[in-house]
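Numbering (my numbering), first residue to last: 419 to 503. C-beta atoms are modelled at their ideal positions from N, C-alpha and C, and glycine is treated no differently. Because the structure is a prediction, the values reported are computed rather than measured. For reference, the structure is listed below as structure tokens.
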Amino acid sequence: MLIVPRAASSGAGAPELAAVRLIALLPAQWRYAPTYPGQKVCLRVVTTGGATAAEIHSLVDRALTDPGLRAWRRTTTCDDRYASA
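Now the structure itself:
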């Protein structure tokens, strides 16, 4: 999934810090592979127990309500368009 700042002037901070904060709020047993195309976070998630995409998105959206992540939002899936951004 792709996580981006809500606005250029949102004060979102470094995408690497946002990824650390986000991952800390998600299930510890999941595996994460963040990359940072531009000022975005592309977060690939591998779950255990067969979580659906909707369940993953719901947990990520809930984590993004944390005060340290409110300047960020989930937008779409990561694909080749963002690999070189």
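CB of residue i within 7 Å of CB of residue j, strictly
i	j	result
valine 510	tryptophan 448	In this structure the chain extends from 419 to 503, so residue 510 is not present and cannot be described.
alanine 426	tryptophan 490	no
Exposure label - residue i; buried when at least 16 CB within 10 Å
i	result
alanine 501	The predicted position of alanine 501 is uncertain, since its pLDDT is 45 and thus under 50; a value taken from the coordinates is nonetheless stated next. Per the 10 Å Cβ criterion, exposed.
proline 433	buried
alanine 471	exposed
For residue j and residue i, believed in contact at Cβ under 8 Å, the rounded distance
i	j	result
aspartate 484	arginine 439	7 Å
Backbone CA spacing between residue i and residue j [nearest angstrom]
i	j	result
threonine 465	serine 476	14 Å
proline 455	proline 423	13 Å
tyrosine 450	glycine 467	15 Å
leucine 487	threonine 453	17 Å
Close Cβ partners of residue i (< 7 Å) along its chain, the five nearest in sequence each way excluded
i	result
leucine 443	Ala481, Asp484
Same chain, Cβ closer than 8 Å to residue i, five either side skipped, listed in chain order
i	result
arginine 492	Met419, Leu420, Ile421, His475, Val478, Asp479, Leu482
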